[in-house]
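Heads up, the sequence shown is in the UniProt record's numbering, so the first residue is 1 and it goes up one at a time. As structure tokens, the structure follows; a few thoughts come after it.
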Amino acid sequence: MTTVLQHWAGGAALKSTTERFGDVTDPATGQVTRQVVLATEADVEAVVGAAREAFPGWRDTSLARRTQILFAFRELLNARAGELAEIITAEHGKVLSDAAGEVARGQEVVEFACGIAHLLKGSATENASTSVDVHSIRQPLGVAGIISPFNFPAMVPMWFFPIAIAAGNTVVLKPSEKVPSAAQWLAELWREAGLPDGVFNVLHGDATAVDGLLTHPDVKSISFVGSTPIARHVYETGTAAGKRVQALGGAKNHAVVLPDADLDTAADQAVNAGFGSAGERCMAVSAVVAVGTAADPLVEKIAERARGLRTGDGRRGTDMGPLVTRAAQERVSGYVDAGEAAGARLVVDGRGVTPDADGDGFFVGPTLFDRVTTDMSIYTDEIFGPVLSVLRVETYDEAVALINANPYGNGTAIFTNDGGAARRFQHEVEVGMIGINVPVPVPTAYYSFGGWGSSLFGDTHAHGTEGVHFFTRGKVVTSRWVDPARRGGAGELDLGF
Ligand code: NAD
1 MTTVLQHWAG GAALKSTTER FGDVTDPATG QVTRQVVLAT EADVEAVVGA
51 AREAFPGWRD TSLARRTQIL FAFRELLNAR AGELAEIITA EHGKVLSDAA
101 GEVARGQEVV EFACGIAHLL KGSATENAST SVDVHSIRQP LGVAGIISPF
151 NFPAMVPMWF FPIAIAAGNT VVLKPSEKVP SAAQWLAELW REAGLPDGVF
201 NVLHGDATAV DGLLTHPDVK SISFVGSTPI ARHVYETGTA AGKRVQALGG
251 AKNHAVVLPD ADLDTAADQA VNAGFGSAGE RCMAVSAVVA VGTAADPLVE
301 KIAERARGLR TGDGRRGTDM GPLVTRAAQE RVSGYVDAGE AAGARLVVDG
351 RGVTPDADGD GFFVGPTLFD RVTTDMSIYT DEIFGPVLSV LRVETYDEAV
401 ALINANPYGN GTAIFTNDGG AARRFQHEVE VGMIGINVPV PVPTAYYSFG
451 GWGSSLFGDT HAHGTEGVHF FTRGKVVTSR WVDPARRGGA GELDLGF
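Have a look at this one:
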């Protein structure tokens, strides 16, 4: 008998009216471990209703109290981060150290949001005109919808909800139905931290849940992260319904390696960024662009390292875990077949890997292709698996042109010892997040996360000051107070308008 995970609304489990359920699997063993409800329209109404009812009370709760709850949440999360990492590994498959890293990156946003009192300060101008002062304030929106992908069950929701909540909004989180348990754990942690019921709610489901949020009149904003086609749909539907929307999409991230780079460092980083989390990261490097003489030694060094990685159950101290589902495993293997058929040189083949795991998990081992060209599907598509492609070019200019021609623009990196080349790269490349001698980095919480091109729809990136701006709206107040000394018989005031 598997347990069925229900929604969370108003500070307690909310039983769904659904007859549809999703299987949640442990990808390392292939076993179904629980089921999750897939929301009906009535469920959407009930969960959004709980968030709507909690909003006035939370909005009017003092900043001091809201901040105390944020700090309490941070302390609890610090103390119990390991539990959350285990939940992530059990449903996503990434190795435990990687899951712990994900929690730590989410925690950074909680810490950023602990400073909300400072972040919400407005500005004031005295005597804009005679006896007239002007000041600005920022206020919460209402119910904020957050829709997250399977690959970061904790970090991606935490890019948004700490700031949304700290700013006085209430939240409905719709996690990926493939990895629903982290959201439930976080909801219970909020309750323990003293968050009032109804401020943080979880709606489980698929397209019905998402479309319900996108069109619900009480949902004021949507923060979405997922694949590009769904991000586009979310942006178009949400904005048509009058909502504020930030929709982060897919990626194809390139790392350029110039001939003067430290090739051992570049190979280490290509392996970490290409095969970490089995390539299921929006900031994964999936294309290495080797310039000139860098190519031969670089391919050799990457291949040597890739062959040394241990693939298996993420709870066994392995280097790389499984893919999230059987379908993902089959899709990734299909791309490897297609790359081979298209004539790319398959240097390391991860199909048929023997993993360190029990049961029938969804494994593909590290895979390396050389001499990939821009017309091959292993280059044009986001594979979202442990498949690294090396493209060879002769010059730096060719490398930049190749990246700028790609429709995605999430992240990129350059490896070089030439500061001038790196400086030119950051100026010329049309991508939102750039690493110089580091693989594509997720910006720290007080900066904002977001790509260009098909990697982001909307104009506001996640977290940092852009996040605070997204979850609040501005008011400007112009006031006139007459000087008491001039009241009564002093005549008309000249306001100078
Ligand atoms: P996905 O687009 O399949 O799903 C994302 C969310 O949308 C899930 O909650 C899912 O339930 C929902 N959804 C799925 N199909 C839908 C539909 N037809 N209508 C409405 N909602 C739907 O993405 P995924 O497979 O869970 O995640 C992987 C993708 O996310 C990759 O493309 C990856 O690059 C991207 N991603 C991007 C970033 C970023 O910051 N840009 C970060 C993480 C992941």
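The C-beta atom is built at its ideal place from N, Cα and C for all residues, glycine as well.
For glutamine 139, DSSP records a beta bridge to Arg473. By the CB criterion at 7 Å, alanine 241 and threonine 208 fall outside the cutoff.
In the structure shown, glutamate 280 adopts coil according to DSSP, grouped into three states.
The three-state secondary structure of phenylalanine 71, taken from DSSP, is helix. Glycine 30 and valine 95 have their alpha carbons spaced roughly 16 Å apart.
With fewer than 16 other CB atoms across the displayed protein chains lying within 10 angstroms of its CB, lysine 15 is exposed. The DSSP-derived three-state label of glutamate 466 is helix. Here glutamate 466 has Ser448, Thr460 as same chain residues with Cβ atoms under 6 Å from its own Cβ, once five neighbours each way along the sequence are excluded. Methionine 376 sits in coil when the DSSP states are folded into three classes, being neither helix nor strand.
In this structure, DSSP gives valine 225 an extended state, which the three-state scheme calls strand. Proximity of the segment 416-429 to the segment 302-318 falls short of the contact definition, fewer than three beta-carbon pairs being nearer than 8 Å. For the beta strand (DSSP E) assignment, the uninterrupted runs of no fewer than 3 residues enclosed by the segment 373-452 are, from N- to C-terminal side, 387-393, 411-415, 433-436. Taking each of Glu430, Asn417, Gln184, Asp356 in turn and checking the Cα distance to alanine 9, the smallest one comes out for Gln184.
Histidine 254 and tryptophan 159 have their alpha carbons spaced roughly 24 Å apart. Taken in chain order, the unbroken stretches of beta strand (DSSP E) that lie wholly in the segment 128-185 and span 3 residues or more are 132-140, 143-147, 170-174.
Threonine 25 is bridged by DSSP to Val32. Relative to valine 48, the option among Arg138, Leu173, Glu108, Asp133 whose CA is nearest is Leu173. For valine 429, the closest C-alpha among the options Ala247, Leu402, Val438, Ser454 is that of Leu402. Checking the DSSP bridge columns, you'll see tryptophan 8 partnered with Ala13, Val202. Within 6 Å of the C-beta of valine 332 there is not a single heavy atom belonging to the ligand NAD.
By the Cβ neighbour-count rule, asparagine 410 is buried, with 16 or more other Cβ atoms within 10 Å of its own.
Annotation for phenylalanine 55: no beta strand (DSSP E) segment contains it, though the alpha helix (DSSP H) segment containing it runs 41-59.
In the three-state DSSP reduction, lysine 243 falls in the coil class, being neither helix nor strand.
Annotation: the continuous alpha helix (DSSP H) that includes phenylalanine 112 extends over 96-113.
Using a 10 angstroms sphere on the CB of valine 32, the tally of other CB atoms stays under 16, which defines it as exposed.
It is roughly 20 Å from the alpha-carbon of alanine 327 to the alpha-carbon of alanine 251.
Counting only the Cα atoms, alanine 28 lies some 4 Å from glycine 361. Nearest to valine 134 by alpha-carbon distance, out of Thr374, Pro484, Lys475, is Lys475. Under DSSP, the beta-bridge partners assigned to asparagine 253 are Val285. Taking a C-beta distance under 7 Å as the contact criterion, phenylalanine 112 and tyrosine 446 qualify as a contact pair. Sequence-distant Cβ neighbours of glutamate 108 in its own chain, meaning closer than 8 Å and more than five residues away, are Thr444, Ala445. Within the segment 281-329, the alpha helix (DSSP H) runs of at least 4 residues that lie entirely inside it are, in chain order, 295-307.
Here DSSP, grouped into helix, strand and coil, assigns serine 333 to helix. Looking from the CA of glycine 343, the closest CA among Thr67, Pro297, Ala306, Thr374 belongs to Thr374. In the DSSP annotation of this structure, the continuous segment of the alpha helix (DSSP H) that includes leucine 119 starts and ends at 116-119.
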